[in-house]
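A.B. asks: Chains as they are written, first to last, in my numbering: chain R, 1 to 258; chain S, 1001 to 1282; chain B, 2001 to 2343. First, the structure itself, so that you have it in front of you.
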Amino acid sequence: MIWHGLGRAYVGLILIFLYAPIIVMAVMSLNASEFYQLPFTFSTQWYERLFTNEEILGAAWRSVWIATVVAGVATVLGTMAAIALWRHDFPGKRALQALLFPPIAVPWLITGTAMLIFFFGIGLGRGTPAVILGHVALALPYVIVVVTARLQSLDRALEEAARSLGAHPWLVTRAVTLPHAAPGIIAGALFAFAVSFDQFVVSYFLAEPGDSTLPVLIYTAIRKGFTPEINAISTIIIVFSMGLMLLAARYARFGGDR
Amino acid sequence: MQRERLRALGLLAPAYLWLTVAVFLPLSAMGFFSLLTDVPFGNREWSFTFHNYTEFLSTGTYATLLWKSLRLAFWVTVWCVLLGFPCAFVLARVIKGRSREALFLLVILPFWSNSLVRIFSWAVVLRGNGVLDRAVNAVLPWDIKLNLMFSQQAMIIGLVHSYLPYVILTTYLSLQAIDDSLIEAARSLGARKRTILWRLILPLSAPGLIAGAVLVFVPVVGSFMEPRLLGGRVGTTYGTLIEDQFVAVFNWPLGAALSFILLAVVLLILAAASPVLRRVQA
Amino acid sequence: MKTLLTTTAFALIAPMALADEIRVLNWQGYGTDLDWAVAAYTEATGNTVVHEYFTSEQEMLTKLRTNPGAYDVVLINSAFTGQAQAEGLIAPIDTAKIANFKDVDPALAANQDLSPGGALHGVPWTWGLTSFAVNTGDFPTAPTSVSVFWDPAFKGRVSIRDDALEAVQFAALATGQNINDITYMAAVKAKLTELMPQIATFWGAETDWNQNMAAGQFAAATYWSGSAARSISEGLPVAFVVPDEGAIGWLDGLSIPATSTKQDAALSFIDWMIDPQFYVRWDAEGAPATSNIVAAAALPEDSFNRKVLGDPAVVARVQFMRPVSDEKRAEYLALWQELKAAQ
Chain R
1 MIWHGLGRAY VGLILIFLYA PIIVMAVMSL NASEFYQLPF TFSTQWYERL FTNEEILGAA
61 WRSVWIATVV AGVATVLGTM AAIALWRHDF PGKRALQALL FPPIAVPWLI TGTAMLIFFF
121 GIGLGRGTPA VILGHVALAL PYVIVVVTAR LQSLDRALEE AARSLGAHPW LVTRAVTLPH
181 AAPGIIAGAL FAFAVSFDQF VVSYFLAEPG DSTLPVLIYT AIRKGFTPEI NAISTIIIVF
241 SMGLMLLAAR YARFGGDR
Chain S
1001 MQRERLRALG LLAPAYLWLT VAVFLPLSAM GFFSLLTDVP FGNREWSFTF HNYTEFLSTG
1061 TYATLLWKSL RLAFWVTVWC VLLGFPCAFV LARVIKGRSR EALFLLVILP FWSNSLVRIF
1121 SWAVVLRGNG VLDRAVNAVL PWDIKLNLMF SQQAMIIGLV HSYLPYVILT TYLSLQAIDD
1181 SLIEAARSLG ARKRTILWRL ILPLSAPGLI AGAVLVFVPV VGSFMEPRLL GGRVGTTYGT
1241 LIEDQFVAVF NWPLGAALSF ILLAVVLLIL AAASPVLRRV QA
Chain B
2001 MKTLLTTTAF ALIAPMALAD EIRVLNWQGY GTDLDWAVAA YTEATGNTVV HEYFTSEQEM
2061 LTKLRTNPGA YDVVLINSAF TGQAQAEGLI APIDTAKIAN FKDVDPALAA NQDLSPGGAL
2121 HGVPWTWGLT SFAVNTGDFP TAPTSVSVFW DPAFKGRVSI RDDALEAVQF AALATGQNIN
2181 DITYMAAVKA KLTELMPQIA TFWGAETDWN QNMAAGQFAA ATYWSGSAAR SISEGLPVAF
2241 VVPDEGAIGW LDGLSIPATS TKQDAALSFI DWMIDPQFYV RWDAEGAPAT SNIVAAAALP
2301 EDSFNRKVLG DPAVVARVQF MRPVSDEKRA EYLALWQELK AAQ
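Here it is as structure tokens:
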């Protein structure tokens, strides 16, 4: 039992590590210093300024709904592909798996520039459709890798058994494969959301000016000096997401059975 | 059999078609550029050449920085695996019920914060007179100046922080799927804890662990933002070189060539490691 | 003020009731996108202004190359105006349509880099220095030489920008050379190699510069005069220094892309940008120096630009940047990358 206690303490430590900069970010949003200096003096001025800053609010909202769309699309397409890669063996499978690496390996600067040129060439140009096109492509490998990793623990024999009993392939997928893969699918969706939400290089190239996303705004603001308003919006987003997640955890079970 | 193939195709096509249009075709255009002397638009003179690739071999700087980036990625991956596996293990096998769902989500949440804001927050923590310095000085009776910024350590801390959740979550996904009855059976057959861990749990969790490690290693090799902001003078990486070709000079062909060399090296490493990784898996 | 601007605006835009939307391409936070400035302009002329930003000059050129017709006003540093004109990206400027042009410093208006091919392609707008600023905590009295960067007492506490050209020119100044015609590259390389161990980090933008200075991570760091003015006005404990060795001068011009369809509206915006009403208020927030003599004279006595850049002795030590060829840029970049990789 002492191991269990130590284990829990360890997870606690890891969480502290993971949240340290988040907490600092939140604290700095309530700090009067414009230059992120300690000692701490409480002030809500950044939040007040934030609520009149249409640019940041608009960009944040745009980032959220783009990321939601991207997560949805990437999860569906990625899960389908992962199931196919896990279920079937065919020539060229290794090549297809290797093709998942370029989007993650090639620096986003190159991919972004390449997308920009290509999308112009095919007449798509810039704008929200281009951004979504780009984001989904960058998120797909993450979804596929994660769902595949989860599927590895499912014995294919189970599916074959169900099929041999006469079940329709779609029923098999729905009743056998998907439930097992569910935690992986959810993790994949959350990763896809994160990839899109934090993506700035590709968005920077493909977004219509004036229709910025939040990361792009932050990135270009570096030049002038960004202010803790950015911390304020980031804190709001994190707190809101945390609330959403804790609510979801209360009502859904997706960490897997047990 | 034919129907099976068609079904596989049907499942694979949407994703790979999307990737083709959005990534592979554009990257092919970049690949084409990498073989040119100059970009083929804007009234510029251009011709074919392998010079951009041979330049990598003839310039010591490029190889030095590639090696530096590979080493950085290696260490970051090692730390992520060492720190992440125990955490995933506890999450998957010790903690039960609703709190596990909540923790699973809480681990992902830091991903949703903006990476630039996170890096600047790390600066506030790690620098002289920052959070860590003040905290340590408040606790210890004697005065020490703790400034971790602009160092190898700061880079690794920042990168591990950004990528650790990948390892925790993918490993968790594999660990959590391990059937309890397998462990029970092994224990009832008299296997010691260490044997169970080594021969049963590790191999079964390997797919997740490896997936996580790959999702860490590959992007870190090409990273340049965190290294520069946290590493300072020692924070120049291969990614910086590529960025320079777009930002400091107008040499996209060289930038493209350097990226494809990076991609090739990464794929080679993964290919070389794959037989070993295959044996680790159950 | 409104009447003046309105009259000016109506004078140069022939009576047309249609309002245009003009797109301005500039650095973020560099004067053209100030809320009050845009609002005043829109109110006076009816034209709306949309901004797009770039984070490097190469990016600015790329945007011009790949987006014909997308921009109406673009900020181009004089060192790049010639290149933009040679590529056919910008159009000659009809200065007759800019009421405030008569007040522009004749020396700047005649600057050869802004008039490639003999015709003016960029209206001189702002100029400033790239020199350095020191933390007043470390320097109760301001230093007079750039050698403080090499002073072992400040090891690990100096910073220069992560830019190959700037680094090379900085070292050229330190070794007493002409920044536009460096004859002894070996001396530059040696000087930079000696500088490396002194450096804490290479700063990239105002954000990290300000935060690191405020936190005391930097004792001395290179900086632009306009940005220094802004940081000082925001309360940062720094002092801007133009050392005996001199400083790098730069001149920014406002140009009009050749493919712009709203050149008249663009001209009216440029006119507002060099208007004293705009400039004096901008300077109070921290700005580079203006090209408009009347505007400069209208500055308060204690304004940074007046004190520092109005001093003829200082201006005499400034070496203005000329265009740099692509080959030289590549050469400097290779040197810079080599130095950084060795760390």
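Yeah, the Cβ is synthetic: ideal placement off N, Cα and C, and Gly gets one too. These numbers come from a predicted model, not from an experiment.
What is the DSSP secondary structure of leucine 2025 of chain B, reduced to helix, strand or coil?
C.D. replies: The sequence position of residue 2025 of chain B within the third sequence is 25, counting from 1. Note: leucine 2025 of chain B maps to strand in three-state DSSP.
A.B. asks: Would you mind stating whether threonine 2175 of chain B and aspartate 2244 of chain B have Cβ atoms separated by less than 8 Å?
C.D. replies: Translated into positions along the third sequence, residue 2175 of chain B becomes position 175. Translated into positions along the third sequence, residue 2244 of chain B becomes position 244. No, these two residues do not count as a Cβ contact at 8 Å.
A.B. asks: So, are the CB atoms of alanine 2171 of chain B and lysine 2191 of chain B less than 8 Å apart?
C.D. replies: Counted from its first residue, the third sequence places residue 2171 of chain B at position 171. Counted from its first residue, the third sequence places residue 2191 of chain B at position 191. Cβ atoms of alanine 2171 of chain B and lysine 2191 of chain B: closer than 8 Å.
A.B. asks: Can you tell which of S/Phe1111, S/Ser1151 and S/Leu1103 has its C-alpha closest to the C-alpha of serine 1162 of chain S?
C.D. replies: Locating residue 1162 of chain S in the second sequence gives position 162, where the first residue counts as 1. Minimum Cα distance to serine 1162 of chain S is reached at S/Phe1111.
A.B. asks: For lysine 2340 of chain B, go through chain S and note every residue whose CB falls closer than 7 Å to its CB, in chain order.
C.D. replies: Walking along the third sequence from the start, residue 2340 of chain B turns up at place 340. Neighbours of lysine 2340 of chain B in chain S, taken as residues whose beta carbon is under 7 Å from its own, are Thr1236 in chain order.
A.B. asks: Can you give the Cα-Cα distance for methionine 2060 of chain B and methionine 2273 of chain B, rounded to whole angstroms?
C.D. replies: Indexing the third sequence from 1 puts residue 2060 of chain B at position 60. Indexing the third sequence from 1 puts residue 2273 of chain B at position 273. Roughly 20 Å between the two C-alpha positions.
A.B. asks: Assuming valine 146 of chain R contacts threonine 1170 of chain S under a Cβ cut-off of 8 Å, what Cβ separation, rounded to an integer in Å, is found between them?
C.D. replies: What you label residue 146 of chain R is simply residue 146 of the first sequence in a count that begins at 1. What you label residue 1170 of chain S is simply residue 170 of the second sequence in a count that begins at 1. Rounded, the Cβ-Cβ distance is 6 Å, consistent with contact.
A.B. asks: Specify the secondary structure class of threonine 2201 of chain B as computed by DSSP and reduced to three states.
C.D. replies: Numbered from its first residue, the third sequence carries residue 2201 of chain B at position 201. Threonine 2201 of chain B sits in a strand when the DSSP states are folded into three classes.
A.B. asks: Quick check: the stretch 2280-2290 of chain B against the stretch 2221-2238 of chain B, are there 3 or more CB pairs under 8 Å?
C.D. replies: Taking a contact to require three or more Cβ pairs closer than 8 Å, the stretch 2280-2290 of chain B and the stretch 2221-2238 of chain B qualify as touching.
A.B. asks: By the 9 Å beta-carbon criterion, what residues does the stretch 1147-1160 of chain S contribute toward chain B?
C.D. replies: Closer than 9 Å at the C-beta level to chain B, one finds these residues of the stretch 1147-1160 of chain S: Asn1147, Met1149 and Phe1150.
A.B. asks: Please work out which residues of its chain come closer than 6 Å, Cβ to Cβ, to arginine 269 of chain R, disregarding the five sequence neighbours upstream and downstream, and give them in chain order.
C.D. replies: Because chain R spans 1 through 258 in this model, residue 269 of chain R falls outside it and cannot be assessed.
A.B. asks: Closer than 9 Å by beta-carbon distance: list the chain S residues that pair up with alanine 187 of chain R, in chain order.
C.D. replies: If you number the first sequence from 1, residue 187 of chain R lands on position 187. Chain S residues near alanine 187 of chain R: Phe1104, Ile1108, Leu1169, Thr1170, Tyr1172 and Leu1173.
A.B. asks: Counting beta carbon pairs with one atom in the stretch 2296-2305 of chain B and one in the stretch 2213-2224 of chain B, are three or more of them shorter than 8 Å?
C.D. replies: no
A.B. asks: How about tryptophan 1079 of chain S: is its C-beta nearer than 8 Å to some C-beta of chain C?
C.D. replies: Annotation note: the requested chain C is absent from the structure, which comprises protein chains R, S and B.
A.B. asks: Kindly list the residues whose CB is nearer than 7 Å to the CB of isoleucine 1156 of chain S, restricted to its own chain and excluding five residues on each side of it in sequence; keep chain order.
C.D. replies: Within the second sequence, numbered from 1, the residue matching residue 1156 of chain S stands at position 156. Result list for isoleucine 1156 of chain S: Trp1075, Val1076 and Trp1079, in chain order.
A.B. asks: May I ask which residues mark the beginning and end of the beta strand (DSSP E) holding proline 2124 of chain B?
C.D. replies: Stepping through the third sequence from its first residue, residue 2124 of chain B is reached at position 124. That run of the beta strand (DSSP E) goes 2123-2135.
A.B. asks: With a cut-off of 8 Å, does the C-beta of phenylalanine 35 of chain R fall near any C-beta of chain B?
C.D. replies: Stepping through the first sequence from its first residue, residue 35 of chain R is reached at position 35. At least one chain B Cβ lies under 8 Å of phenylalanine 35 of chain R.
A.B. asks: Do we get a CB-CB distance below 8 Å when we pair glutamate 2059 of chain B with the residues of chain S?
C.D. replies: Within the third sequence, numbered from 1, the residue matching residue 2059 of chain B stands at position 59. Glutamate 2059 of chain B counts as touching chain S.
A.B. asks: Any idea what DSSP makes of asparagine 2077 of chain B, helix, strand or coil?
C.D. replies: Counting from 1 along the third sequence, the entry for residue 2077 of chain B is found at position 77. Strand, per DSSP.
A.B. asks: Quick one: grab the DSSP three-state call for aspartate 2326 of chain B.
C.D. replies: As a first step, residue 2326 of chain B must be located in the third sequence, where it is residue number 326. It is helical.
A.B. asks: By Cβ distance below 7 Å, which residues in the same chain neighbour alanine 1235 of chain S in space, the five residues on each side in sequence not counted?
C.D. replies: As a first step, residue 1235 of chain S must be located in the second sequence, where it is residue number 235. Looking at the sequence shown, residue 1235 of chain S is not alanine but glycine. Answer for glycine 1235 of chain S: Met1155, Pro1227 and Arg1228, listed in chain order.
A.B. asks: When you compare only the Cα positions, how much space is there between leucine 1106 of chain S and alanine 2266 of chain B?
C.D. replies: For the purposes of this step, residue 1106 of chain S is identified with residue 106 of the second sequence, where counting begins at 1. For the purposes of this step, residue 2266 of chain B is identified with residue 266 of the third sequence, where counting begins at 1. Those two C-alpha atoms are separated by around 51 Å.
A.B. asks: If I measure Cβ to Cβ from alanine 1008 of chain S and keep anything under 7 Å in the same chain, skipping five residues before and after, which residues do I get?
C.D. replies: As a first step, residue 1008 of chain S must be located in the second sequence, where it is residue number 8. For alanine 1008 of chain S, where only same-chain residues beyond five positions count, there are no Cβ hits under 7 Å.
A.B. asks: Output, in sequence order along the chain, the residues in the stretch 2254-2271 of chain B whose CB is closer than 7 Å to any CB in chain S.
C.D. replies: none
A.B. asks: Please report whether the beta-carbon of phenylalanine 1246 of chain S lies at a distance below 8 Å from any beta-carbon of chain B.
C.D. replies: On the second sequence, position 246 is the one that residue 1246 of chain S refers to. At least one chain B Cβ lies under 8 Å of phenylalanine 1246 of chain S.
A.B. asks: If we require 3 or more residues per run, which beta strand (DSSP E) segments fall completely within the stretch 2152-2238 of chain B?
C.D. replies: Correct list: 2158-2161, 2199-2203 and 2220-2224.
A.B. asks: Are tryptophan 2127 of chain B and leucine 2108 of chain B touching if we call contact CB-CB under 8 Å?
C.D. replies: On the third sequence, residue 2127 of chain B is found 127 positions in, with the first residue counted as 1. On the third sequence, residue 2108 of chain B is found 108 positions in, with the first residue counted as 1. Yes, they are a contact pair.
A.B. asks: Which of the three DSSP states is assigned to valine 2241 of chain B in this structure?
C.D. replies: As a first step, residue 2241 of chain B must be located in the third sequence, where it is residue number 241. Strand, per DSSP.
A.B. asks: Using only the alpha-carbon positions, how far apart do phenylalanine 1056 of chain S and alanine 2341 of chain B sit?
C.D. replies: As a working mapping, residue 1056 of chain S is identified with position 56 in the second sequence. As a working mapping, residue 2341 of chain B is identified with position 341 in the third sequence. So the alpha carbons of these two residues sit roughly 14 Å apart.
A.B. asks: Can you tell me whether lysine 2262 of chain B is buried or exposed? The criterion is at least 16 other CB atoms within 10 Å of its CB, across all chains shown.
C.D. replies: Indexing the third sequence from 1 puts residue 2262 of chain B at position 262. The residue is buried, with at least 16 neighbouring Cβ atoms inside 10 Å.
A.B. asks: Consider the Cβ of histidine 4 of chain R: report whether some Cβ of chain S lies at a distance smaller than 8 Å.
C.D. replies: By one-based count along the first sequence, residue 4 of chain R stands at place 4. Answer yes: the Cβ-Cβ gap between histidine 4 of chain R and chain S drops below 8 Å somewhere.
A.B. asks: Looking at C-alpha atoms only, which residue of S/Arg1199, S/Leu1277 and S/Phe1150 is the closest neighbour of tryptophan 1122 of chain S?
C.D. replies: Here the question's residue 1122 of chain S lines up with position 122 in the second sequence. Closest by alpha carbon: S/Phe1150.
A.B. asks: Report yes if the C-beta distance between leucine 25 of chain R and arginine 1134 of chain S is below 8 Å; otherwise report no.
C.D. replies: For the purposes of this step, residue 25 of chain R is identified with residue 25 of the first sequence, where counting begins at 1. For the purposes of this step, residue 1134 of chain S is identified with residue 134 of the second sequence, where counting begins at 1. This sequence places methionine at residue 25 of chain R; leucine is not what is there. Contact: no.
A.B. asks: Taking any Cβ of chain B, which residues in the stretch 202-224 of chain R have a Cβ under 8 Å from it, in chain order?
C.D. replies: Pro209, Gly210, Tyr219, Thr220, Ala221, Ile222, Arg223 and Lys224
A.B. asks: Take every Cβ of the stretch 147-155 of chain R, pair it with every Cβ of the stretch 1201-1216 of chain S, and state whether three or more of those distances are shorter than 8 Å.
C.D. replies: yes
A.B. asks: Does DSSP put methionine 2016 of chain B in a helix, in a strand, or in coil?
C.D. replies: The residue you call residue 2016 of chain B lines up with position 16 of the third sequence. Because methionine 2016 of chain B carries a pLDDT of 49, less than 50, the predicted location of this residue cannot be relied on, and no value is offered for it.
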